[in-house]
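For the sequence shown, the numbering used here gives the first residue as 4, with consecutive numbering after it. No residue lacks a Cβ here, since even glycine has one placed at the ideal position from N, Cα and C.
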Amino acid sequence: MPDSLRVLVVHGPNLNLLGTREPEIYGETTLPEIDDRLASEAKEWGAEVETFQSNHEGALVDRIQDASGWADGILINAGALTHTSVALRDVLAATDLPVVEVHLSNVHARESFRHHSYLSAVATGVIVGFGPDSYVLGLRGLLDSLTRG
Ligand code: DQA
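So this is what it looks like as structure tokens:
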């Protein structure tokens, strides 16, 4: 057990465009701003986050495989891959780490193809619809459950 809890934060395709991408849906907060908020929140818990964004499914799978060596939990917004990727679901299950799935938008209030997530069945919890706060709330939930054991 490391001295402090370590969380891998995974951002999927197109989340690097936050700030300019469909701001009426996703808001104007950028990904670096979200990552800064997560780093501050983690610090308050005496924890650490490592963040990773990719537009490539295989790169995300590689990073998640690697996490089983060092992370205590995973916070993930897989973007559109949420609704399509069995590979991401399988690698999250394979790590055997607690996973919290987050989405900025309320995917259930949007197009029907966004209503199903391949990831939710292997997640400890899911938070949707609170914009950038979804990430912070998800991280709190994950760290709280890890702290309580
Ligand atoms: C999203 C919702 C997904 O349906 C979409 O493809 C995204 C962002 C969200 O955070 O609201 O890229 O994951």
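Residue span of the beta strand (DSSP E) that contains threonine 54, given as start and end: As a working mapping, residue 54 is identified with position 51 in the sequence shown. Where threonine 54 is concerned, the enclosing beta strand (DSSP E) stretches over 51–56.
Contacts around aspartate 75, its chain only, beta-carbon distance under 6 Å, and the 5 residues preceding and following it disregarded: Taking the sequence shown and counting its residues from 1, one reaches residue 75 at position 72. In chain order, Leu8, Arg9 and Leu149 place their CB closer than 6 Å to the CB of aspartate 75, counting only its own chain and leaving out the 5 sequence neighbours on each side.
If the criterion is Cβ atoms closer than 8 Å, does the pair leucine 140 and leucine 78 meet it? On the sequence shown, position 137 is the one that residue 140 refers to. On the sequence shown, position 75 is the one that residue 78 refers to. No, they are not a contact pair.
With a threshold of 7 Å (Cβ to nearest heavy atom), would leucine 107 be considered close to ligand 1? Here residue 107 is taken as the residue at index 104 of the sequence shown, counted from 1. Taking 7 Å as the cut-off, the C-beta of leucine 107 counts as close to a heavy atom of ligand 1.
So what does DSSP say about arginine 151, is it helix, strand or coil? Locating residue 151 in the sequence shown gives position 148, where the first residue counts as 1. It is helical.
Please name the residue in Arg151, Leu20, Ala83 and Leu91 whose C-alpha comes closest to that of histidine 118. Residue 118 sits at position 115 when you count from the first residue of the sequence shown. The residue among Arg151, Leu20, Ala83 and Leu91 with its C-alpha nearest the C-alpha of histidine 118 is Ala83.
Report yes if the CB atom of serine 137 is closer than 8 Å to the CB atom of histidine 111, and no otherwise. Against the sequence shown, residue 137 aligns to sequence position 134. Against the sequence shown, residue 111 aligns to sequence position 108. Not closer than 8 Å, so no.
Sequence-distant residues of the same chain with beta carbon closer than 6 Å to glutamate 25, five excluded per side: Position 22 of the sequence shown, counting from 1, holds the residue named residue 25. Excluding its 5 nearest sequence neighbours in each direction, glutamate 25 has no C-beta neighbour in its own chain below 6 Å.
Looking at ligand 1, does it come within less than 7 Å of alanine 126, judged from the CB to the closest heavy atom? Along the sequence shown, one-based indexing puts residue 126 at 123. Judged by the Cβ position, alanine 126 fails to qualify as a neighbour of ligand 1 at the 7 Å threshold, every heavy atom of the ligand being at least this far.
N- and C-terminal bounds of the beta strand (DSSP E) containing leucine 8: As a position in the sequence shown, residue 8 is number 5, starting the count at 1. No beta strand (DSSP E) holds leucine 8; DSSP gives it neither H nor E.
Who are leucine 130's beta bridge partners in DSSP? Counting from one through the sequence shown, the residue named residue 130 turns up at place 127. This sequence places isoleucine at residue 130; leucine is not what is there. The secondary-structure analysis by DSSP pairs isoleucine 130 across a beta bridge with Val105.
Roughly how many whole angstroms lie between the Cα atoms of asparagine 109 and valine 102? The residue given as residue 109 occupies position 106 in the sequence shown. The residue given as residue 102 occupies position 99 in the sequence shown. Between asparagine 109 and valine 102, the C-alpha separation is close to 19 Å.
Starting from leucine 78, follow the beta strand (DSSP E) in both directions and report where the run begins and ends. Taking the sequence shown and counting its residues from 1, one reaches residue 78 at position 75. 76–80 is the extent of the beta strand (DSSP E) around leucine 78.
Closer than 7 Å by C-beta to proline 222: which residues in its own chain qualify, once you throw out the five before and the five after it? Chain order, please. Since the displayed the chain opens at 4 and closes at 152, residue 222 lies outside it and no answer follows.
Return yes when at least one heavy atom of ligand 2 lies under 7 Å from the C-beta of glycine 82, else no. With respect to ligand 2, the structure offers nothing, as its ligand set consists of ligand 1.
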